[in-house]
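For the sequence shown, position 137 matches number 1249 in our numbering, and the numbering has no gaps at all.
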Amino acid sequence: MTSIATDSMDGLFAGRDFRAPRIDLNGKTILITGGTGSFGRRFVKTVCAEYTPKKLIIFSRDELKQYEMAQDFPPSKWPFLRYFIGDIRDETRLDMAMRDVDIVIHAAALKHVPIAEYNPFECIKTNVIGAENVVRAAIKRGVKRVCALSTDKAASPINLYGASKLASDKIFTAAQHMGGRDGPKFCVVRYGNVVGSRGSVIPFFRKLIDEGAESLPITDARMTRFWITLDQGVNLVLSSLEMARGGETFVPKIPSMSTVDLARSMAPDLPHTIVGIRPGEKLHETMIPADDARQTVEFEDRYAILPAFDGELRARYLTEGAKACPEDFAYSSDNNPEKLDARSLQTLLGEKLKQLTA
């Protein structure tokens, strides 16, 4: 088992920042769905700092979040920014927004597990029908490249959110065939929990600690999760867009940690209260099930699950230096060889914690 510590968030986890090679966005027109979410804001921040695209269209349905985001990223300072109100459930609006777009990042989704369980029709409309609408509009408008964000919960799903995202992944993988030879290059990026993102456990624990909680709630002492930073997630998307030949699901090599170690790192003196697993939760998350091992190849910093209908793509990757995964291979948070222990987590959560959870 490898235990990883770092003094820098930018090169977190053994230097895997997933930066090279990244797609060149200069002069391109980019559209990001769900652009006002945690990933979207960091993506826009990265583009504003490092590229000069022709346009960057922030597509989302919440006018308040767009208004607030425009205060932080005003078009007067970055004239290539465009704010589009729209819902991925509305194919007509997507079709209009994708005119002359070169690259699409699909980050919009309903992501809250219990809410999806209680509102199944709404989850399907956004995560499945919305994915179909994105694919149809991208093919119709001649978009060059599309990257869809997925989740570890899409692998061997036990909740509706995970099942809907698995369906979405399959839609984007199949879209490579639907688009034909001259259609967009589609790919999927699948990763775990994001450090400091809205709704994640770190801001939740921080809020409880700041409010003087006498204990921290733990669902199960055995629970483990994969973790990635927002910067890593953005770089992974940009590099996967450059790398993709079409139909891949890219999975980063990232460490996992136990929830108990996370809680202990944030509040060493607070006891834990076991509250039980919520409906639809797993003890451990999987990003590559064993049944997908035959279609998976390994690179230095990531894996790629390849489409079953394209044997030539696998042969091409292997010829170029990728490694075939063993048939019994599975990539899950409990058998991950890279673990963050309590000391490493303390380093991770030190100086940057307040910035991440602000």
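Note that CB positions come from ideal geometry on N, CA and C, so glycine has one too.
Provide the residue span of the beta strand (DSSP E) that contains residue 1398, from first to last. 1398–1400
Restricting to runs no shorter than 3 residues, where is the beta strand (DSSP E) found entirely within the stretch 1310–1353? Inside the stretch 1310–1353, DSSP marks whole beta strand (DSSP E) runs of 3 or more residues at positions 1328–1330 and 1336–1340, from first to last along the chain.
With a cut-off of 8 Å on the beta carbons, I'd call residue 1434 and residue 1410 a contact; round off their distance for me. 6 Å
Taking the C-alpha atoms as reference points, what is the distance between residue 1139 and residue 1133? 18 Å
Straight-line gap, residue 1226 to residue 1299 (C-alpha atoms, nearest Å): 28 Å
Check for me: the beta strand (DSSP E) holding residue 1559 runs from which residue to which? One cannot answer for residue 1559 here, as it falls past the ends of the chain, which runs 1113 to 1470.
How many Å lie between residue 1365 and residue 1337 at the Cα? 13 Å
If I measure Cβ to Cβ from residue 1203 and keep anything under 7 Å in the same chain, skipping five residues before and after, which residues do I get? Non-local beta-carbon contacts of residue 1203 in its own chain, meaning distances under 7 Å to residues more than five positions away in sequence, involve 1245, 1248 and 1249 in chain order.
Take the Cβ of residue 1230 as the centre, count every other Cβ of all protein chains shown within 10 Å, and call the residue buried at 16 or more, exposed below. exposed
Could you tell me whether the Cβ atoms of residue 1443 and residue 1399 are closer together than 8 Å? Yes, these two residues count as a Cβ contact at 8 Å.
Neighbourhood of residue 1419 by C-beta, 6 Å cutoff - its chain only, sequence neighbours within 5 removed: If we look at residue 1419 and ignore the five residues flanking it on each side, its Cβ neighbours are 1285 and 1359.
Candidates 1179, 1266 and 1270, of which the one nearest residue 1282 by Cα: 1266
Got a sec? Which residues, its chain only, sit under 6 Å from residue 1114 by beta carbon, not counting five neighbours each side? Any reading at residue 1114 must be qualified, since the residue scores a pLDDT of 39, below 50, and its modelled position is unreliable; the value itself is stated next. Closer than 6 Å at the Cβ level, and outside the excluded window around residue 1114, lie 1449 and 1450.
By Cβ distance below 7 Å, which residues in the same chain neighbour residue 1369 in space, the five residues on each side in sequence not counted? Excluding residues up to 5 positions away in sequence, 1336, 1337, 1339, 1451, 1452 and 1457 lie with their Cβ nearer than 7 Å to the Cβ of residue 1369 in the same chain.
Between 1345, 1348, 1322 and 1388, which lies nearest to residue 1378 when the distance is taken from Cα to Cα? 1322
Cβ-based neighbour list, residue 1466, same chain, cut-off 7 Å, excluding 5 preceding and 5 following: Confidence at residue 1466 is low in this model, with a pLDDT of 42, below 50, so its placement is unreliable and the value that follows should be read with caution. There are no such residues.
Between 1146, 1172, 1214 and 1343, which has its C-alpha nearest residue 1158's C-alpha? 1343
So, with DSSP's three-state summary, where would you put residue 1145? strand
In whole angstroms, what is the alpha-carbon distance linking residue 1155 and residue 1346? 6 Å
Considering only C-alpha positions, which residue in the set 1441, 1397, 1303 and 1205 is nearest to residue 1404? 1441
Which of the three DSSP states, helix, strand or coil, is assigned to residue 1204? helix
Three-state secondary structure assigned by DSSP to residue 1261: Here residue 1261 sits in strand by DSSP.
Run through DSSP, which three-state label would residue 1372 get? helix
What would DSSP say about residue 1384, mapped onto helix, strand or coil? strand
Alpha carbon to alpha carbon, how far is residue 1148 from residue 1384? Roughly 34 Å between the two C-alpha positions.
Across which residues does DSSP place residue 1216 in a beta bridge pair? 1143 and 1258
If you run the structure through DSSP and keep just helix, strand and coil, what is residue 1441? coil
Can you tell me the Cβ-Cβ gap for residue 1253 and residue 1184, rounded? I've got them flagged as a contact below 8 Å. About 29 Å; that fails the 8 Å criterion.
Assigned secondary structure, residue 1230 (DSSP; H/G/I helix, E/B strand, else coil): helix
Distance cutoff 8 Å, beta carbons only. Does residue 1388 sit that close to anything in chain C? This model lacks chain C altogether; it includes just one protein chain.
Residue environment, residue 1447, which counts as buried when at least 16 other CB atoms sit within 10 Å: exposed
Candidates 1188, 1258 and 1236: which alpha carbon is nearest residue 1274's? 1236
Residue from 1144, 1416 and 1269 with nearest C-alpha to residue 1105: With the chain running from 1113 to 1470 in the structure shown, residue 1105 is simply not present.
Closest to residue 1177 by CA distance: which of 1190, 1150 and 1191 is it? 1150
Cβ-based burial, residue 1112 [other Cβ within 10 Å; buried from 16]: No answer is possible for residue 1112: it lies beyond the span of the chain, which begins at 1113 and ends at 1470.
Any idea if residue 1188 is buried or exposed, counting beta-carbon neighbours within 10 angstroms, 16 or more meaning buried? exposed
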